[in-house]
Each structure stands twice: as structure tokens, then as C-alpha cells.
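Residue numbers (our numbering), protein chains in the order written: chain A, 1 to 289; chain B, 1 to 113.
Ideal Cβ positions, reconstructed from N, Cα and C, are used throughout, including at glycine.
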């Protein structure tokens with residue numbers, strides 16, 4: 001109430017200050033017009049302001065050029081990525097924008113920006129801890145007790161992955177039906193932390209992103225070690241949802257929408273990790289010669 | 001190792017996605033940097049000997065992941081434009097979504113402007 005009074009005063013002030021003879025109609029019409037416009041309109045997207053996208057190899061990596069200008073990060077740093085494949089993929093993202101630039105579809109660009117700017121100023125340790133935090137509440141370690149069929153489904157689908165991870169890393173993970181989740185031994189955390197420490201900062205940003213999308217450390221490890229494809233990992237991450245869809249029906253604008261978004265994000269993160277981890281690039285070079 | 005299918009299939013899928021993408025610029029997809037890079041990589045890593053198997057699988061995995069990325073982004077954008085791209089719906093549209101109609105009263109309800 002007070003606020004509207006204040007606003008009225010402002011309006012009055014505006015009207016009084018206005019020089020005589022100037023049109024006041026727009027000001028008077030203002031409120032009624034506002035009522036007619038919708039409460040929520042999607043934010044305006046930026047137009048595609050460039051024609052050609054190209055890649056140049058500069059010092060320390062590959063750069064993207066939009067026409068003659070160099071692409072920069074939101075913090076105005078030069079956009080440089082370590083591998084040619086990644087630069088090509090990012091350039092393709094920019095080149096495939098139609099009339100407007102849709103940033104929500106450019107996951108690889110976003111990941112590169114995050115790695116270059118590091119907006120939250122996190123160190124390597126903090127990144128590893130952030131990723132490992134998901135292990136305590138890992139999606140595939142939480143099991144239900146009913147209904148029967150879902151219990152069976154979770155056992156059949158999730159158990160092999162947990163077994164694989166346990167033998168691959170020589171750790172104990174375990175599952176639980178309690179709301180507190182499984183108690184993962186400290187030793188497991190240590191081993192996985194030292195394993196993650198072998199990745200560089202870029203790859204770690206990608207790993208943390210994938211873990212946060214799938215809500216599961218184990219599934220993310222499966223993706224990094226080529227044990228699962230992205231489609232499989234996303235299916236396992238959404239296992240209960242898929243079960244409910246089978247039972248109650250699929251809604252395109254909710255279920256399919258989320259599925260595609262999750263797949264795109266998980267795929268972008270996985271690709272980013274693979275393209276940024278050192279070992280892969282060395283293998284490329286060896287093979288080419 | 002996850003089931004990936006044959007590399008040729010993956011390449012075909014990738015090229016199909018590139019064709020969709022090149023619709024944005026109107027240029028033929030064979031002129032894009034992505035096309036050149038992909039064909040070069042696929043040619044360079046054709047199966048030559050057993051020794052290279054592991055790395056080849058790694059590259060095939062990356063290619064399949066990229067295919068998944070391109071395909072999902074395309075489908076996500078299509079769904080977004082269909083259902084979420086236009087902002088808020090009108091009351092009539094919302095009712096229509098769930099198969100209902102707004103009540104109609106001959107002569108109006110009396111309170112319309």
C-alpha cells in the first residue's frame with residue numbers, strides 16, 4: 001500500500017515537472033498498458049551479430065574468431081582452449097546459432113567459460129571435495145523398499161555398476177535403504193580423491209559438472225572410464241522416473257524435455273573431460289604420426 | 001566397454017546432425033570446420049592393428065558422445081520452442097492443453113470491458 005502511494009507521488013512529480021505542452025498521454029496510459037502485457041515474457045535473446053566463425057591457433061591454445069573479433073569470456077579474458085577438437089566443437093556451437101544466440105544450448109562454451117574465468121574462485125581441492133560430496137548421497141546407492149518391481153529394477157540395473165566401480169578402484173561403496181544413505185568408508189573417499197587429483201583443473205570442472213547433473217559420482221566415473229555411454233548413464237540416473245513414466249505415462253513437455261536437457265548436459269560434460277584430460281591428447285599425437 | 005555400435009553408424013549420425021546445423025548459416029555442411037575435423041579424425045583412426053584398439057575405442061566413445069550432445073541439443077531446442085519458448089500461455093490455451101474449454105455465456109458475463 002505504502003509503495004503504491006509512493007509510486008503515485010512519483011507519478012505526480014513527473015507530471016508536475018513536465019514542461020507544459022508536452023504529451024502526457026503515455027504516462028497516464030502506463031498502468032493500463034502494464035496490466036495488459038503478460039506478467040512473464042522470456043528475456044530477449046541477443047541477435048547473431050557475426051557471419052563467419054573461425055579458429056586460429058595462438059600461443060597456449062586455440063582461439064575462436066567471430067568475423068574479425070576474438071571471442072572473449074564473460075570476464076573479458078581471451079577465450080583460449082587447449083585442444084583443437086574442443087575449439088572445433090565450440091566454433092560449431094557458435095556457427096549453428098540461427099537468428100538469435102541461444103546460450104542455454106551452448107554447453108561446451110559455458111564449460112570453457114567456467115574453466116577460464118573460474119567465477120567461484122575454487123581451488124583444485126575444493127573442486128574435488130565438491131564432486132566427492134555427491135558420493136555420500138549417490139543416486140544409485142539409495143534404494144527403495146517398495147514397490148517390489150522397482151526394488152528388482154534398481155537391483156538389476158544399479159548393482160552391476162556399483163560392482164564395477166568397486167573392483168575398478170578397489171574400494172567399498174555399498175548401498176542402503178535408509179534415508180541417511182550408505183555410510184561410505186573414509187578410505188573410499190581418500191582413494192577417489194587421489195584418483196581425481198590426477199586430472200587437471202579443466203577436466204575437474206567437467207567432472208564436477210557431470211557429477212552434479214547425474215547426481216551420482218559412480219555414474220560419472222563410469223562415463224569417464226568408458227564403462228557407460230551417455231544414454232545409459234542418463235537412463236540409470238533417471239531410473240525411478242523412467243519406472244514411473246512406464247506406469248503412469250510420458251509427458252512430452254516435462255519428461256522428454258528434461259531427458260533431452262540432461263542428456264545434452266551430461267554429454268557436453270563428458271566430452272569436455274575427455275578432450276581436456278592430458279592422456280587423450282597425447283594419444284592423439286602418437287597415433288597421427 | 002559400453003555398446004557403441006559400428007563407427008560408420010556414428011559418423012553417419014554426426015554428418016546428419018551437421019546437416020541440420022548448417023541450415024542456420026545456409027552454407028553446405030561440407031565447408032564447415034567440424035566436417036573437416038571429423039572426417040580427418042575418422043580416417044586417421046580407422047582400424048589398422050590390434051595395438052590401436054584401445055585408443056580407437058576411446059575416440060569412438062568421444063564421437064558417440066558428441067553425437068549424443070548434438071542430437072539432444074537439437075531435440076531440446078525443438079521441445080523448448082514448442083512448449084516453453086513463448087512465455088506464459090493465455091488462459092484459453094492452458095485450458096486447451098488439458099482438454100478443457102472455458103465456459104461461454106451468451107451476451108457476455110457482464111463484467112468485460
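*Using the rule of at least 16 other Cβ atoms within 10 Å of the residue's Cβ for burial, across every protein chain shown, is residue 84 of chain B buried or exposed?*
Under this definition residue 84 of chain B is an exposed residue.
_Using CA atoms only, rank isn't needed, just tell me which of A:242, A:127, A:251, A:145 is closest to residue 212 of chain A._
Nearest of A:242, A:127, A:251, A:145 to residue 212 of chain A, Cα basis: A:127.
*May I ask you to report which of helix, strand or coil DSSP gives residue 133 of chain A?*
In this structure, residue 133 of chain A counts as helix in the three-state DSSP scheme.
_Taking the straight line between their C-alpha atoms, what separation do you get for residue 185 of chain A and residue 172 of chain A?_
So the alpha carbons of these two residues sit roughly 7 Å apart.
_Length of the line joining the Cα atoms of residue 142 of chain A and residue 162 of chain A_ = Answer to the nearest angstrom: the Cα atoms are 12 Å apart.
*Proximity test, Cβ basis, 8 Å: residue 21 of chain B and chain A*: Taking a beta-carbon distance threshold of 8 Å, residue 21 of chain B counts as an interface residue toward chain A.
*Just checking, does the stretch 180-200 of chain A make contact with the stretch 250-260 of chain A on the three C-beta pairs under 8 Å criterion?*
With the cut-off at 8 Å, the stretch 180-200 of chain A and the stretch 250-260 of chain A do not touch.
*Tell whether a beta-carbon distance below 8 Å holds between residue 276 of chain A and residue 119 of chain A.*
It is not a contact, given that the beta carbons lie outside the stated cut-off.
*Listing by chain order, which chain A residues have their CB less than 8 Å from the CB of residue 37 of chain B?*
Against chain A, a Cβ distance below 8 Å from residue 37 of chain B picks out 84, 85, 88.
*Neighbourhood of residue 106 of chain A by C-beta, 7 Å cutoff - its chain only, sequence neighbours within 5 removed*: Cβ contact annotation for residue 106 of chain A (same chain, cutoff 7 Å, sequence separation greater than five): 93, in chain order.
_Here's the rule I'm using: 16 or more other beta-carbon atoms within 10 Å means buried, otherwise exposed. How should residue 251 of chain A be labelled?_
Classification of residue 251 of chain A: exposed, given that the 10 Å Cβ count is below 16.
*asked:* Which residue marks the beginning of the alpha helix (DSSP H) containing residue 244 of chain A, and which one marks its end?
replied: From DSSP, the alpha helix (DSSP H) with residue 244 of chain A extends over 239-248.
*In terms of alpha-carbon separation, which member of A:153, A:188, A:122, A:274 lies closest to residue 136 of chain A?*
Comparing Cα positions, the closest option is A:188.
*With DSSP run on the structure shown, which of helix, strand or coil describes residue 169 of chain A?*
It is helical.
*Would you decide whether residue 115 of chain A is buried or exposed? Buried here means 16 or more other CB atoms lie within 10 Å of its CB.*
Buried.
_chain A within 8 Å of residue 102 of chain B, Cβ atoms only_ = Chain A contact via Cβ: absent.
*Proximity of residue 263 of chain A and residue 72 of chain B at Cβ, strictly below 8 Å*: Going by C-beta atoms, residue 263 of chain A is nearer than 8 Å to residue 72 of chain B.
*DSSP three-state assignment for residue 22 of chain B, whether helix, strand or coil*: Three-state result, residue 22 of chain B: helix.
_Cβ neighbours of residue 217 of chain A in the same chain (closer than 8 Å, five flanking residues each side left out)_ = Spatial neighbours of residue 217 of chain A in its own chain (CB-CB distance under 8 Å, excluding positions within 5 residues in sequence) are listed in chain order as 131, 132, 134, 135, 138, 192, 211.
*What residues match up with residue 101 of chain A in a beta bridge as DSSP calls it?*
DSSP output for residue 101 of chain A lists A:46 as bridge partner(s).
*asked:* For a test of the three-state rule: what should DSSP assign to residue 99 of chain B, helix, strand or coil?
replied: DSSP places residue 99 of chain B in coil when its eight states are reduced to three.
_For the stretch 246-257 of chain A, list every residue whose C-beta sits within 8 Å of some C-beta in chain B, in sequence order._
Within the stretch 246-257 of chain A, contact with chain B at the beta-carbon level (separation under 8 Å) is assigned to 252, 253, 256, 257.
_Determine, for residue 77 of chain B, whether the minimum Cβ-Cβ distance to residues of chain A falls below 8 Å._
Put simply, the CB of residue 77 of chain B is near chain A, with a gap under 8 Å to one of its CB atoms.
*is_contact[residue 6 of chain B, chain A] using C-beta, thresh 8 Å*: Taking Cβ atoms only, chain A never reaches closer than 8 Å to residue 6 of chain B, which makes this a no.
_Alpha carbon of residue 230 of chain A to alpha carbon of residue 223 of chain A, nearest angstrom_ = Residue 223 of chain A has its alpha-carbon roughly 7 Å from the corresponding atom of residue 230 of chain A.
*Secondary structure of residue 58 of chain A, DSSP reduced to three states*: In the three-state reduction of the DSSP assignment, residue 58 of chain A falls in the strand class.
*Does residue 186 of chain A have its Cβ less than 8 Å from a Cβ in chain B?*
At a cut-off of 8 Å between beta-carbon atoms, residue 186 of chain A makes no contact with chain B.
*Look up residue 328 of chain A in the DSSP assignment and give the residues it is bridged to.*
Any answer about residue 328 of chain A is impossible in this case: the structure gives chain A only from 1 up to 289.
*In this structure, does DSSP put residue 78 of chain A in helix, strand or coil?*
DSSP, reduced to helix, strand and coil, places residue 78 of chain A within a strand of the structure shown.
*So, helix, strand or coil for residue 251 of chain A, using DSSP?*
DSSP places residue 251 of chain A in coil when its eight states are reduced to three.
_8 Å Cβ cut-off: residues of chain A touching residue 32 of chain B_ = Neighbours of residue 32 of chain B on chain A, chain order: 92, 95.
_Starting from residue 260 of chain A, trace the alpha helix (DSSP H) in both directions and tell me its first and last residue._
Residue 260 of chain A -> alpha helix (DSSP H) spans 257-276.
*Looking at the structure shown, is residue 30 of chain B part of a helix, part of a strand, or coil, going by DSSP?*
Of the three classes helix, strand and coil, the one that applies to residue 30 of chain B here is helix, per DSSP.
_Any beta carbon from chain B within less than 8 Å of residue 167 of chain A's own beta carbon?_
Between residue 167 of chain A and chain B, the shortest Cβ-Cβ separation is not below 8 Å.
*Return yes when at least one heavy atom of the ligand MG lies under 7 Å from the C-beta of residue 76 of chain A, else no.*
This structure does not include the ligand MG; it has no bound ligands of any sort.
*Through-space distance from residue 95 of chain A to residue 4 of chain B, alpha-carbon basis*: Computed Cα separation, rounded: 28 Å.
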